[in-house]
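Trainee:
Numbering (our numbering), first residue to last: 4 to 443.
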């Protein structure tokens, strides 16, 4: 879980945001991202594990029916566009830095997307699961080694912390006014709640040995992610002490390149190999899993029902999933190039990804698990009101005092409550009509 969550945004995006803003700018990630894993482990993993589901989309079908399953499946898949695009954007950035601009970031995105596609397409979930543990070891050892070298150049960790404190970088809490507090809460919930209905988190928890492992493995993954996310922050901010001119240069041009350029310009060759090896492990671990997850969701919960009502053979299902992986990789590449042209940062790409699941998928998931009166009509109203509120505001007033996704989230709750109370689930309908429990 840790290796999947610890992606390009953690090594490149979060430090860039911290350098430009302060600790409060990281409310969505790592604070919201860590909150997601802890909440999923404590309140969702056990219940979902016992239902013996193949995908998170299966829950929506069993609880609300096929139409809700399709809507939720599309929303979940769309949320991965930003996340996977952030990973291939980071690959493009690495190619750009290592080649000194000979390979542009746009060209690097194309190369990176092709590598991730081949890696995922021919290995599938086996390659993802088999390499995650190894990649986690590379990530931890590699970044700790780099941190040890950098701390020797700064005179230890304390001078870096003191410098950051003197420049108000540890300012976290918002101002005591409604607008600032709502924006702060919205930033936390967008990723903290919006990334809970995700196939990659679900499939790793669901593949655990038993439900206790599913619960505590996810919780520990969230805690470990939060703690280890501090390492890239320390590395990037150290540039202010090691080479202030370099820090100023990349802060004015592209703060995401600061850490890679610091390593390339001030660390020995072996350390550079270790850093870029760890960085590539980070990206590949996340990108492969997050490319496969939405493709499985689209195949199982959206396309399978549209193509035929009969069961597809395993061979045909595998072929369809591979086609979906390829098409989704193309969409990811196009989105990454579009975001690059608009100068959208990696951190922002990941943060924006979970708006759609916050307003469409989260409320039906929670209500379906914890409220017996939650009905199919309630799910329709939750999704309809959430989308109808969020999407227009996202285009008309994206910087409004009430963030569009937060307004959509509140309306989805109202829709679920109102729709379920007005249209009760038929008494003969089981809340989980096809669920098959599994024992520990």
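Ideal placement from N, C-alpha and C gives every residue a C-beta, glycine not left out.
Taking Cβ positions, are residue 86 and residue 324 nearer each other than 8 Å?
Mentor: Counted from its first residue, the chain shown places residue 86 at position 83. Counted from its first residue, the chain shown places residue 324 at position 321. Their beta carbons are not under 8 Å apart, which means residue 86 does not touch residue 324 by this criterion.
Trainee: Tell me the rounded alpha-carbon separation between residue 412 and residue 366.
Mentor: Residue numbering aside, residue 412 sits at position 409 when the chain shown is read from its first letter. Residue numbering aside, residue 366 sits at position 363 when the chain shown is read from its first letter. Roughly 8 Å between the two C-alpha positions.
Trainee: Classify residue 176 as helix, strand or coil using the three-state DSSP reduction.
Mentor: Residue mapping note: residue 176 aligns to position 173 of the chain shown, counting from 1. Looking at residue 176 - three-state DSSP - the assignment turns out to be coil, as it is neither helix nor strand.
Trainee: How about residue 274: is its C-beta nearer than 8 Å to some C-beta of chain C?
Mentor: In the structure shown, chain C does not exist; there is a single protein chain.
Trainee: With three or more beta-carbon pairs closer than 8 Å as the criterion, would you say the region 24-43 touches the region 221-238?
Mentor: Yes, they touch.
Trainee: Determine the direct distance from the alpha carbon of residue 195 to that of residue 445, and round the result to whole angstroms.
Mentor: Given that the chain is displayed from residue 4 to residue 443, the structure contains no residue 445 and the question cannot be resolved.
Trainee: Grab the span of the alpha helix (DSSP H) containing residue 164 for me, first residue to last.
Mentor: Counting from one through the chain shown, the residue named residue 164 turns up at place 161. Looking at the DSSP string, the run of the alpha helix (DSSP H) that includes residue 164 is 160-169.
Trainee: Quick one, which of 407, 402, 269 and 377 has its alpha-carbon nearest residue 427's?
Mentor: Against the chain shown, residue 427 aligns to sequence position 424. When each option's Cα is compared against that of residue 427, the closest is 377.
Trainee: Suppose you measure from the CA of residue 370 to the CA of residue 22; what does that come to, to the nearest Å?
Mentor: Taking the first residue of the chain shown as 1, we reach residue 370 at position 367. Taking the first residue of the chain shown as 1, we reach residue 22 at position 19. Using only the alpha carbons, I get a separation of about 39 Å.
Trainee: Look up residue 220 in the DSSP assignment and say whether it is helix, strand or coil.
Mentor: In the chain shown, counting from the first residue as 1, residue 220 sits at position 217. DSSP places residue 220 in helix when its eight states are reduced to three.
Trainee: Straight-line CA distance for residue 60 to residue 362?
Mentor: Here residue 60 corresponds to residue number 57 of the chain shown, with the count starting at 1. Here residue 362 corresponds to residue number 359 of the chain shown, with the count starting at 1. Answer to the nearest angstrom: the Cα atoms are 16 Å apart.
Trainee: So, for residue 336: in the same chain, excluding its five sequence neighbours on each side, which residues have a beta-carbon less than 7 Å away from its beta-carbon?
Mentor: Here residue 336 refers to the residue found at position 333 when the chain shown is read from its first residue. Counting only Cβ-Cβ distances below 7 Å, and skipping sequence neighbours, we find 91, 112, 113 and 116.
Trainee: Whole angstroms are fine: how far does the CA of residue 368 sit from the CA of residue 438?
Mentor: Against the chain shown, residue 438 aligns to sequence position 435. Against the chain shown, residue 368 aligns to sequence position 365. Reliability fails at residue 438, whose pLDDT of 48 lies under 50, so the model's placement of it is uncertain and the value that follows must be treated cautiously. Answer to the nearest angstrom: the Cα atoms are 15 Å apart.
Trainee: Give me, in chain order, the residues of the same chain whose beta-carbon lies closer than 7 Å to that of residue 253; leave out the 5 immediate sequence neighbours on both sides.
Mentor: Taking the chain shown and counting its residues from 1, one reaches residue 253 at position 250. Closer than 7 Å at the Cβ level, and outside the excluded window around residue 253, lie 260, 261 and 264.
Trainee: Using the Cβ count rule (16 or more neighbours within 10 Å means buried), how would you classify residue 442?
Mentor: For the purposes of this step, residue 442 is taken as residue 439 along the chain shown, with counting starting at 1. Since pLDDT at residue 442 reaches only 45, below the 50 mark, its modelled position is unreliable, and no value is offered.
Trainee: Which value, in whole angstroms, describes the spacing of the CA atoms of residue 479 and residue 15?
Mentor: Here the chain comprises residues numbered 4 to 443, so residue 479 is not present and cannot be evaluated.
Trainee: Counting Cβ pairs closer than 8 Å, one from the region 341-361 and one from the region 182-194, do we hit at least three?
Mentor: The region 341-361 is in contact with the region 182-194.
Trainee: Write down the C-beta distance between residue 276 and residue 124 rounded to the nearest angstrom, noting that I regard them as a contact closer than 8 Å.
Mentor: Indexing the chain shown from 1 puts residue 276 at position 273. Indexing the chain shown from 1 puts residue 124 at position 121. Not confirmed; about 28 Å, so no contact.
Trainee: For residue 182, count neighbouring Cβ atoms within 10 angstroms of its own Cβ and tell me buried if that reaches 16, exposed if not.
Mentor: Stepping through the chain shown from its first residue, residue 182 is reached at position 179. Looking at its Cβ environment, which holds fewer than 16 other Cβ atoms inside 10 Å, residue 182 is exposed.
Trainee: Count the other CB atoms within 10 Å of the CB of residue 19; is the residue buried (16 or more) or exposed (fewer)?
Mentor: As a first step, residue 19 is located in the chain shown; it is residue number 16 there, counting from the start. Buried.
Trainee: From this set, 28, 295 and 380, which residue's C-alpha is nearest residue 81's C-alpha?
Mentor: Here residue 81 refers to the residue found at position 78 when the chain shown is read from its first residue. For the residues 28, 295 and 380, the minimum Cα distance to residue 81 belongs to 295.
Trainee: Where does residue 201 fall in DSSP's three states?
Mentor: In the chain shown, counting from the first residue as 1, residue 201 sits at position 198. Note: residue 201 maps to coil in three-state DSSP.
Trainee: Should residue 271 go down as buried or exposed, given a rule of 16 or more other Cβ atoms within 10 Å for buried?
Mentor: On the chain shown, position 268 is the one that residue 271 refers to. Exposed is the call here.
Trainee: Determine the extent of the alpha helix (DSSP H) in which residue 259 is found, giving its start and end residues.
Mentor: For the purposes of this step, residue 259 is taken as the residue at position 256 of the chain shown. That residue, residue 259, is in no alpha helix (DSSP H); it is neither H nor E in DSSP.
Trainee: Under a Cβ-count criterion, where at least 16 other Cβ atoms within 10 Å of its own Cβ denotes burial, should residue 436 be classed as buried or exposed?
Mentor: What you label residue 436 is simply residue 433 of the chain shown in a count that begins at 1. With a pLDDT of only 44 at residue 436, under the threshold of 50, the placement of this residue in the model should not be trusted, and no figure is reported.
Trainee: Between the Cα of residue 239 and the Cα atoms of 269, 381 and 338, which residue gives the shortest distance?
Mentor: By one-based count along the chain shown, residue 239 stands at place 236. Taking only the C-alpha atoms, the option nearest residue 239 is 269.
Trainee: Output the boundary residues of the alpha helix (DSSP H) element that contains residue 357.
Mentor: Here residue 357 refers to the residue found at position 354 when the chain shown is read from its first residue. No alpha helix (DSSP H) holds residue 357; DSSP gives it neither H nor E.
Trainee: When the Cα atoms are used, what is the spatial distance from residue 105 to residue 47?
Mentor: On the chain shown, residue 105 is found 102 positions in, with the first residue counted as 1. On the chain shown, residue 47 is found 44 positions in, with the first residue counted as 1. Looking at the two C-alpha atoms, the distance is approximately 47 Å.
Trainee: Is the beta carbon of residue 149 closer than 8 Å to that of residue 222?
Mentor: Here the question's residue 222 lines up with position 219 in the chain shown. Here the question's residue 149 lines up with position 146 in the chain shown. No.
Trainee: What is the DSSP secondary structure of residue 210, reduced to helix, strand or coil?
Mentor: Mapped onto the chain shown, residue 210 falls at position 207. It is coil, neither helix nor strand.
Trainee: Measure the CB-CB distance between residue 218 and residue 53 and report whether it falls below 8 Å.
Mentor: Here residue 218 is taken as the residue at index 215 of the chain shown, counted from 1. Here residue 53 is taken as the residue at index 50 of the chain shown, counted from 1. Their beta carbons are not under 8 Å apart, which means residue 218 does not touch residue 53 by this criterion.
Trainee: Within 10 Å of its beta-carbon, does residue 174 have 16 or more other beta-carbons around it, so buried, or fewer, so exposed?
Mentor: Within the chain shown, the letter at position 171 stands for residue 174. Residue 174 is exposed by the Cβ-count criterion.
Trainee: Of the residues 401, 244, 374 and 392, which one's Cα is nearest the Cα of residue 423?
Mentor: As a working mapping, residue 423 is identified with position 420 in the chain shown. Looking at the Cα atoms, 374 is the closest of the given residues.
Trainee: If you measure from the CB of residue 335, is any heavy atom of the ligand GDP nearer than 7 Å?
Mentor: Looking at this structure, you won't find the ligand GDP or any other ligand, since it has none at all.
Trainee: Using 10 angstroms around the beta-carbon of residue 103, count the other beta-carbons present and answer buried if the total reaches 16, otherwise exposed.
Mentor: Taking the first residue of the chain shown as position 1, residue 103 is located at position 100. It is exposed - the Cβ of residue 103 has fewer than 16 other Cβ atoms within 10 Å.
Trainee: Go ahead and label residue 395 buried or exposed: buried means 16 or more other beta carbons lie within 10 angstroms of its beta carbon, across all protein chains shown.
Mentor: Numbered from its first residue, the chain shown carries residue 395 at position 392. Its Cβ having fewer than 16 others within 10 Å, residue 395 is exposed.
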